[in-house]
Amino acid sequence: MVKLAEVQTLNAALAADSPKPLVAVFLGGTSGIGHMTARALASSAQQAGGARVDYLMTSQGEAIFQPRKDTTEGLDETMAILGTANLQVRSHLCYMHSMYMSQLAELHRAEKQLRLVHVFPGLVLTPAFHNPAYSAWFRFLFNGVLAPLFLAPFVAVDPVESGERMLSLASPALYPAASMSGTGDDSSSSRGDESGKGGTVRGMDGRPGSGAYSLDWKGDDTHNQKVYAKLGDEGIEALKEQVWEHTNTAFEDIAAGKPFTE
Ligand SMILES: NC(=O)c1ccc[n+]([C@@H]2O[C@H](COP(=O)([O-])OP(=O)(O)OC[C@H]3O[C@@H](n4cnc5c(N)ncnc54)[C@H](OP(=O)(O)O)[C@@H]3O)[C@@H](O)[C@H]2O)c1
1 MVKLAEVQTL
11 NAALAADSPK
21 PLVAVFLGGT
31 SGIGHMTARA
41 LASSAQQAGG
51 ARVDYLMTSQ
61 GEAIFQPRKD
71 TTEGLDETMA
81 ILGTANLQVR
91 SHLCYMHSMY
101 MSQLAELHRA
111 EKQLRLVHVF
121 PGLVLTPAFH
131 NPAYSAWFRF
141 LFNGVLAPLF
151 LAPFVAVDPV
161 ESGERMLSLA
171 SPALYPAASM
181 SGTGDDSSSS
191 RGDESGKGGT
201 VRGMDGRPGS
211 GAYSLDWKGD
221 DTHNQKVYAK
231 LGDEGIEALK
241 EQVWEHTNTA
251 FEDIAAGKPF
261 TE
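Just so we're aligned, residue 1 is where the sequence shown starts under the UniProt record's numbering, counting upward by one.
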C-alpha cells in the first residue's frame, strides 16, 4: 500500500516538478472523484493554461446496471461513458483496457513521457449514489442506512483522500513512462524493498515501471500473473493485437461519422 503521507509527498513533488504552466484536463470533474482530484491538484499547483495536456483524468460515469441504450455511434451508452456495463463485462473490459494501454505505452516508449493508469478507486461515497436513475428504495437504503452506519466508518475511502490518491498516480516516481523504467525484470514484488519504499510499481505487463498500470485504490498493482500465464506470451501478443485493432476500428468509424457495428 502506498501510505497517505507518501501520496502527499508525491503530490508536492508533482507540483514542484511539473511543467509550468501545468495543463490538466478533467472529464467528469464536476462531481465525485474527479472533482476531489481537481481540488487536490488545485491545492498543490496553482498555474493554468498552455496548448498541451500534461495530465488527463477521465472519471466520467453514470448509473450502472441500466438497460442497454445505444448511442448514435452504435455503442452501448453505459459502456461508452463508463467503460463498464455489468460485472462480467467489467472484468473483460479491464483486461481490454490493460491490453490497449500496454500497447499504447509501448508505441510511445521512445518519447519517454506517456504514462497510463487504469484504477479501481475503491468505494467512495460520492453523488453517484444519489443518481435518480436508481430506484428510491435503493437510494434510501444505501444513502440513508448502509452508508452512514457501515460503509462510511468501515469500508469507504474518504473522498478527500481519494482525490489525493488519484492525483498521486501522476507521479513518475512510482509510475514512470515506459522508457524511464528499469530492468524490466519479472520480480513478484512491484515496489523496491520489503518496507514498500522505493522502486516502481509493476505495470500491466508484469514488469516494474512499464508505463501502463492497472491499480487498486491503494496505488498497488492488480496484475494477475496466473491469468496472463494461461495465455502464454504468444497468446498475449495476439490478444493485444486484436484489442488494438478492434478499438482503433471503433475510433476510426466514429471519427468518419459511421456507426460502429463490429
Ligand atoms: N464512487 C465509487 O465508489 C466508484 C467505485 C468504482 C468505480 N467508480 C467509477 O469512478 C468514476 C467516477 O465516479 P464518481 O463516484 O466520482 O461519479 P460521479 O460523482 O457521479 O461523477 C461522475 C462525473 O461524470 C460526469 N459525466 C456523466 N455523464 C457524462 C458524459 N456523458 N460525458 C462527460 N461527463 C459525464 C458527471 O458530470 P455531470 O455531473 O456534469 O453530469 C460527473 O462529473 C465513474 O466512472 C465510476 O464508475 C466509482
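A virtual CB, placed ideally from N, CA and C, is assigned to each residue, including glycine. Remember, predicted model here, so these are calculated numbers, not experimental data.
Q. Expressed to the nearest angstrom, what Euclidean distance is found between the alpha-carbon atoms of Gly-28 and His-35?
A. 7 Å
Q: For the beta strand (DSSP E) holding Tyr-55, just list the boundary residues, first then last.
A: 55-58
Q. Looking only at C-alpha atoms, which of Val-155, Trp-244 and Met-99 sits nearest to Gly-203?
A. Per the Cα distances, Met-99.
Q. Does DSSP classify Ala-45 as helix, strand or coil?
A. The DSSP-derived three-state label of Ala-45 is coil.
Q: Return helix, strand or coil for Tyr-175, following the three-state DSSP convention.
A: coil
(Q) Which residue wins for smallest C-alpha separation from Pro-176, given the options Asp-158, Gln-113, Gly-206 and Lys-3? (A) Gln-113
Q. Ala-147 to Lys-69, Cα distance in whole Å?
A. 29 Å
(Q) ligand 1 and Glu-245: does any heavy atom of the ligand fall closer than 7 Å to the residue's C-beta? (A) no
Q.
DSSP three-state label for Ala-16, please.
A. Three-state result, Ala-16: helix.
Q. Does the beta carbon of Phe-150 fall short of 7 Å from some heavy atom of ligand 1?
A. Outside the cutoff, so no.
Q | Proximity to Val-131 [Cα-Cα], best of Trp-217, Tyr-95 and Asn-143 | A | Residue 131 is actually Asn in this sequence, not Val. Of Trp-217, Tyr-95 and Asn-143, the residue nearest in Cα terms is Asn-143.
Q.
What would DSSP say about residue 263, mapped onto helix, strand or coil?
A. The structure shown does not extend to residue 263, since the chain is modelled only from 1 to 262, so the question has no answer here.
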